[in-house]
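Numbering (the numbering used here), first residue to last: 7 to 945.
Here a beta-carbon is modelled for each residue, glycine too, at the ideal position from N, C-alpha and C.
The next block holds one structure in the form of structure tokens; read it before the comments.
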């Protein structure tokens with residue numbers, strides 16, 4: 007079956023339905039429609055589709071496409087529109103035929119006046135429409151000549167009694183005769199992100215992750231840009247093997263679309279626009295200074311009137327309506343104009359040294375060590391010292407990607423090969439954090455061309471690339487050992503290269519159970535003063551010696567967090583956050599981590615924002631906020647996928663596997679576990695593999711398969727001894743319970759005793775609860791009661807709802823076996839907690855135990871879910887089609903956190919526990935299940 011013309015237009019189904027209704031006369035008698043939108047948004051494509059559909063339906067189509075150079079030619083648009091009807095004019099009365107012939111230039115005499123022309127054209131169209139319906143299509147109506155516009159306006163106001171439809175298109179902000187016709191207007195908006203992704207991936211499937219992200223960001227949903235932008239890149243640029251320029255090249259079609267509104271502006275306006283385009287962060291004050299007079303900002307008035315930009319006077323910011331307008335402005339300027347604009351901006355930015363250095367560098371055509379050093383010094387303060395450069399701390403913190411570009415440019419300007427290599431190696435290392443992984447191999451290759459290539463930081467950059475991209479932590483470990491050897495002689499407490507190497511080594515160490523990376527890290531730390539590298543030292547202790555001096559370690563963590571500024575550098579914060587997770591102490595410092603994520607996720611240290619989201623997810627899980635945990639995990643997965651951080655994607659998915667098991671979704675837990683094991687086992691990433699086994703252990707326990715649960719718990723640490731590692735320190739109760747349930751009571755008691763001897767209970771109040779609960783579960787029937795009471799009475803026990811409820815359940819089971827009426831209290835409390843946090847399998851076990859005590863618990867189908875509000879329904883439907891919380895928030899003008907809160911509230915109403923079940927739940931809802939719903943769910 008042949009599809010309708012235009013069916014391949016992505017994201018335009020609603021517009022096509024509207025055009026079909028208009029053509030079929032189902033629009034309530036309206037004579038026409040005006041499509042309005044920005045350049046390249048797809049207005050002409052919709053006109054083409056409407057025309058092709060009309061022809062397929064037997065309608066006659068007349069078309070006119072106005073162009074600027076014909077705007078001064080009288081009746082040029084009418085000539086093009088009506089020329090196919092020139093022979094039909096012979097049927098008209100003499101005076102009408104004479105007017106039409108003069109419009110076509112087929113008869114002598116002056117051009118007819120608009121009234122005569124309009125009357126004659128209306129007669130001609132009426133005569134032709136008797137045979138079959140007519141569709142008149144006019145594109146770019148602002149360029150229609152005045153005479154044609156007057157005649158067409160006359161006609162369109164009088165065709166409602168004929169089978170004639172008028173369809174026109176105009177650019178947003180451009181005046182035309184259609185504005186006076188009171189025609190309905192359909193604004194053609196840019197594509198939403200899912201449709202933009204579909205269009206880009208369908209046309210350019212080979213794009214590298216960061217290139218794809220850049221294309222989506224630059225196109226901003228513009229269909230023409232999504233098709234054309236990658237076309238101007240080389241194949242190596244499209245794949246990510248070569249870097250993209252700061253301003254993307256534009257195809258002829260894109261330049262024509264976005265530059266046409268600029269070319270006719272006055273010269274002072276174009277100069278001011280060029281300055282704004284070269285430095286998007288500047289405001290009116292800088293433009294005034296750069297222009298050299300007090301009227302510099304007023305020169306932008308014509309650009310504002312042309313709707314090219316908007317001005318936030320309060321924040322002193324200039325924003326282009328479309329990012330490609332900025333690129334078009336720069337491409338229109340010749341190299342000399344750009345250099346002069348850069349020099350003017352540099353002179354105006356003496357109070358912002360990093361921007362001044364950048365503009366001077368852009369205006370320079372040859373090597374210049376002074377400028378290279380200025381760029382070097384301006385680019386790295388935020389990274390080396392945790393203090394953003396310049397007076398605007400927020401802006402400085404968001405310029406991590408710009409720091410990479412600045413260092414690369416500094417390398418280009420360096421006259422000495424050694425300086426060039428060093429700066430390029432620093433750029434490569436920073437690029438591993440900023441979502442520019444595709445640029446790292448090229449930068450490293452360029453850095454290695456010197457006679458004495460850099461070692462330390464270049465090795466660290468390579469190790470980071472191997473870890474983030476391939477997950478090859480063994481190769482990363484070997485490279486970092488070489489890096490430390492090369493850097494050993496010159497290491498100082500504030501040595502940037504050494505800090506970078508240590509952070510990369512810490513990343514390797516926290517994901518392995520092997521001692522070698524940790525020993526190497528300890529050896530490297532010993533080269534520094536005891537007060538240096540505090541964050542990494544604390545992380546080392548939290549992972550390697552968590553039981554030696556637990557109280558001092560927790561105090562050291564609290565002091566280190568307290569000493570951080572509100573906008574702490576991410577490499578100061580992330581090691582502390584890892585340490586806090588290991589010690590179950592992150593909850594008091596979440597706000598610092600959340601603040602860092604918001605600051606770094608857009609253009610900052612993305613490779614640190616992603617693990618930060620993972621750590622917050624972990625903390626939310628252990629405190630019973632499971633919906634919040636999964637929302638954070640999804641944010642992390644989206645960010646990691648967009649920038650190619652496959653290692654962190656795997657770590658987050660590994661964390662989600664036990665989460666699914668705890669919820670009682672054994673099938674999902676096993677699927678995630680198998681995926682994790684398949685990836686982690688060949689790479690020797692034992693910590694990640696251990697999470698997979700813990701997921702299988704929990705899933706088996708939830709389904710009563712304790713032999714399998716015991717098997718999986720034993721695989722986490724084949725030695726059989728209680729482990730103080732990650733995640734072993736949190737699995738003492740799991741192994742003990744599985745051992746007891748399978749008749750291995752002596753093993754259970756030995757394991758519980760060994761855990762206490764190892765000091766696992768000293769790590770945190772959570773591990774203390776787990777150890778005490780394990781001892782109670784493993785105890786003789788006669789001794790268990792006081793041990794359960796002691797476990798539940800531990801300080802802060804209720805802070806850990808999953809573990810606390812499991813021990814309440816076990817205690818309630820023991821009490822029921824001893825026929826103690828207090829069993830109901832503990833079983834009910836456990837049930838309430840399991841229901842609240844979403845632990846379905848454990849909640850069912852608690853219900854079964856309560857029934858065995860004689861408590862009547864309702865069974866059968868659940869009560870009907872409460873109705874969703876209109877906003878909840880909107881959010882649910884958008885989430886069900888794959889939009890992220892941030893994308894939903896942008897669509898509905900809400901913050902992404904508000905969206906997350908709505909999702910958490912509506913899950914119980916729908917009887918589900920995760921985003922993946924939304925589509926089926928919405929499809930199962932009965933009509934009218936939306937409170938106060940009138941009309942479509944999504945505007």
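So, at 7 Å on beta carbons, what are the nonlocal neighbours of residue i in its own chain, with the 5 sequence-adjacent residues on each side left out?
{"i": "residue 760", "result": "727, 728"}
{"i": "residue 506", "result": "435, 463, 466"}
{"i": "residue 14", "result": "none"}
{"i": "residue 187", "result": "159, 162, 163"}
{"i": "residue 934", "result": "Below a pLDDT of 50, predicted positions are generally treated as unreliable, and residue 934, at 46, falls in that range; the measurement from the model is reported next regardless. Cβ within range, chain order: n/a, list empty."}
{"i": "residue 796", "result": "778"}
{"i": "residue 668", "result": "704, 808, 845"}
{"i": "residue 122", "result": "105"}
Residues in its own chain within less than 6 Å of residue i by CB, not counting five upstream and five downstream?
{"i": "residue 974", "result": "Any answer about residue 974 is impossible in this case: the structure gives the chain only from 7 up to 945."}
{"i": "residue 580", "result": "614"}
{"i": "residue 427", "result": "453, 456, 459, 460"}
{"i": "residue 747", "result": "712"}
{"i": "residue 400", "result": "Here the model assigns residue 400 a pLDDT of 33, short of 50, so the residue's position is not dependable, and the following value carries that caveat. Here the set comprises nothing."}
{"i": "residue 634", "result": "626"}
Could you give the distance in angstroms between the alpha-carbon of residue i and the alpha-carbon of residue j?
{"i": "residue 811", "j": "residue 779", "result": "11 Å"}
{"i": "residue 252", "j": "residue 894", "result": "29 Å"}
{"i": "residue 751", "j": "residue 571", "result": "51 Å"}
{"i": "residue 614", "j": "residue 624", "result": "15 Å"}
{"i": "residue 39", "j": "residue 627", "result": "54 Å"}
{"i": "residue 954", "j": "residue 670", "result": "Absent from the structure is residue 954, since the part of the chain shown begins at 7 and ends at 945."}
{"i": "residue 529", "j": "residue 884", "result": "52 Å"}
{"i": "residue 61", "j": "residue 10", "result": "11 Å"}
{"i": "residue 24", "j": "residue 888", "result": "26 Å"}
{"i": "residue 943", "j": "residue 879", "result": "Only weak support is given to the placement of residue 943: the predicted model assigns it a pLDDT of 31, under 50, and the value that follows is read from those uncertain coordinates. Each residue's Cα considered, the two are about 7 Å apart."}
{"i": "residue 16", "j": "residue 202", "result": "8 Å"}
{"i": "residue 218", "j": "residue 474", "result": "18 Å"}
{"i": "residue 147", "j": "residue 350", "result": "40 Å"}
{"i": "residue 127", "j": "residue 326", "result": "42 Å"}
{"i": "residue 676", "j": "residue 702", "result": "6 Å"}
{"i": "residue 205", "j": "residue 266", "result": "25 Å"}
Span of the alpha helix (DSSP H) holding residue i?
{"i": "residue 614", "result": "612-628"}
{"i": "residue 376", "result": "375-385"}
{"i": "residue 769", "result": "Residue 769 -> no alpha helix (DSSP H), and no H or E assigned at all."}
{"i": "residue 368", "result": "359-368"}
{"i": "residue 193", "result": "From DSSP, residue 193 is part of no alpha helix (DSSP H) but of the beta strand (DSSP E) over 191-193."}
{"i": "residue 565", "result": "556-569"}
{"i": "residue 491", "result": "479-493"}
{"i": "residue 130", "result": "120-135"}
{"i": "residue 854", "result": "846-858"}
Tell me which same chain residues have a C-beta within less than 8 Å of the C-beta of residue i, skipping the five on either side of it?
{"i": "residue 629", "result": "593, 805, 806, 807"}
{"i": "residue 129", "result": "98, 99, 102"}
{"i": "residue 310", "result": "316, 317"}
Rounded C-beta distance between residue i and residue j? I'm assuming under 8 Å.
{"i": "residue 225", "j": "residue 239", "result": "Not really, about 13 Å apart at Cβ, beyond 8 Å."}
{"i": "residue 665", "j": "residue 636", "result": "7 Å"}
{"i": "residue 776", "j": "residue 736", "result": "7 Å"}
{"i": "residue 305", "j": "residue 275", "result": "5 Å"}
{"i": "residue 820", "j": "residue 791", "result": "7 Å"}
{"i": "residue 515", "j": "residue 769", "result": "Not really, about 18 Å apart at Cβ, beyond 8 Å."}
Which residues does DSSP list as the beta-bridge partners of residue i?
{"i": "residue 111", "result": "The partner list for residue 111 (beta bridge, DSSP) is empty, contrary to what the question assumes."}
{"i": "residue 94", "result": "According to DSSP, which records beta bridges pairwise, residue 94 is partnered with nothing at all."}
{"i": "residue 175", "result": "41"}
{"i": "residue 814", "result": "DSSP, once it has assigned bridges, lists no residue as partnering residue 814."}
{"i": "residue 144", "result": "70, 174"}
{"i": "residue 217", "result": "Looking at the DSSP assignment, residue 217 forms no beta bridge with any residue, so it has no partner."}
{"i": "residue 53", "result": "Note: residue 53 sits in no beta bridge, so no partner."}
Assuming residue i is part of the beta strand (DSSP E), what are its boundary residues?
{"i": "residue 243", "result": "Residue 243 -> not in any beta strand (DSSP E); alpha helix (DSSP H) instead, spanning 241-245."}
{"i": "residue 324", "result": "323-326"}
{"i": "residue 318", "result": "315-318"}
At a cut-off of 7 Å, would you count residue i as near the ligand MG, judging by its Cβ distance to the nearest heavy atom?
{"i": "residue 330", "result": "Ligands in the displayed structure: none, and consequently the ligand MG is not present."}
Answer with yes or no whether the minimum CB distance from residue i to chain B is below 8 Å.
{"i": "residue 754", "result": "Protein chain content of the structure displayed is limited to a single chain, and chain B is not contained in it."}
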